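Notes follow once the structure below has been shown.
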Amino acid sequence: MELNADRYARDSWLSAFDPRVKLLCFLSLAVVIAFLTGTDVLLLALAFVLSMAAVSRVPLRHLGRGYAMAFPFILVASLTMLFTSGSGNALAMGLRISSSALLLLVLVSSTPFMDVLWALRWFKLPSVLSDMIMFTYRFIFVILDESGRMRLARASRGFKGGRSLFDREAFKVLSNTIGMMFLRSYRRADRVYLALLSRGYDGKVRTLSGFHVRARDAGMGLTFVIIGALALTQQMGWYVWW
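Sequential numbering of the sequence shown, starting at 4, is according to the working numbering.
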């Protein structure tokens, strides 16, 4: 199942690594970053994350769009810290959330979604939960596809948008579009489910993909362990490298 969200994953340099190792490394580093408070060590963590983004071969525009969606929350959190704890803590909060958000963006952009789910199942995530995530993710694209078809159908009939939602006709068109979109999406989802049943789906998702930990995966794990250890020792004052 190749989805549009995976269009950069196959071309990424990081896609060659075992998704289990990658998921463990990235999430562990995100947890470490969450405990960092010093501006200097957070800047180094952000530099490492940006270097990972650079070598991942994921377009910066794609990462920028994802970061732009998280930026309002980062701004609100930083402003809250600014008025309650001072500028230093506000800067640390912004760096901490930005580093974690960019790190997770690199992870999901450089790893096919089904590989992420496979890794989560390997880490004993309940199959019911993983299947719900998979189908929810899949049906998001079903809804987007149906909305695109309806938008194209309206354009082919000479419909012109751009009017305010307070306009009666525009509001009527919008409400009809939303209702029809969900109706068509429901019908298409039902067809998808019947197609799964016809292929032997019994509540368990099986895959032919197999992954094996290689030397390069061990190297990635060692790199992340070293970075995390250096960040924590710098944070706790056990070791200072400048």
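Heads up, the beta-carbon is just placed ideally off N, CA and C, and yes, glycines get one too. Just so you know, these numbers come straight off a predicted model, no measurement behind them.
With a threshold of 7 Å between beta-carbons, can residue 174 be considered close to chain D, or not?
Going by chain labels, chain D is absent from the structure shown, which holds only one protein chain.
Below 8 Å, can you find three or more Cβ-Cβ pairs linking the stretch 63–80 to the stretch 113–125?
Remark: fewer than three beta-carbon pairs, one from each stretch, lie closer than 8 Å, so the stretch 63–80 and the stretch 113–125 are not flagged as touching.
Could you spell out where the alpha helix (DSSP H) holding residue 65 opens and where it closes?
Under the DSSP assignment, residue 65 falls in the alpha helix (DSSP H) whose first and last residues are 63–88.
Rounded to whole angstroms, what is the Cα-Cα separation between residue 69 and residue 138?
One alpha carbon belongs to residue 69, the other to residue 138, and they sit about 22 Å apart.
Drop a sphere of 10 angstroms on the beta-carbon of residue 19, count the other beta-carbons inside from all chains shown, and report buried for 16 or more, exposed for fewer.
If you draw a 10 Å sphere on the C-beta of residue 19, you find fewer than 16 other C-beta atoms in it, and that means exposed.
For residue 127, which three-state DSSP category applies?
When secondary structure is reduced to three states using DSSP, residue 127 falls in the coil class, being assigned neither helix nor strand.
Between residue 228 and residue 28, what straight-line distance do the alpha-carbon atoms span, to the nearest angstrom?
Each residue's Cα considered, the two are about 8 Å apart.
Once you ignore the five residues that flank residue 141 on each side, which residues in its own chain have a CB closer than 6 Å to its CB?
Cβ neighbours of residue 141 beyond the five flanking positions: none.
With three or more C-beta pairs closer than 8 Å as the rule, is the stretch 70–84 touching the stretch 118–126?
No, the stretch 118–126 does not touch the stretch 70–84.
Of the residues 216, 233 and 235, which one's Cα is nearest the Cα of residue 24?
That would be 216, whose Cα lies nearest to the Cα of residue 24.
Measuring CB to CB, does residue 44 end up less than 7 Å from residue 232?
No, the pair does not count as a contact, with Cβ atoms beyond the cut-off.
If contact is defined by three or more beta carbon pairs under 8 Å, each pair taking one atom from either stretch, is the stretch 126–136 in contact with the stretch 32–47?
Segments in contact, no.
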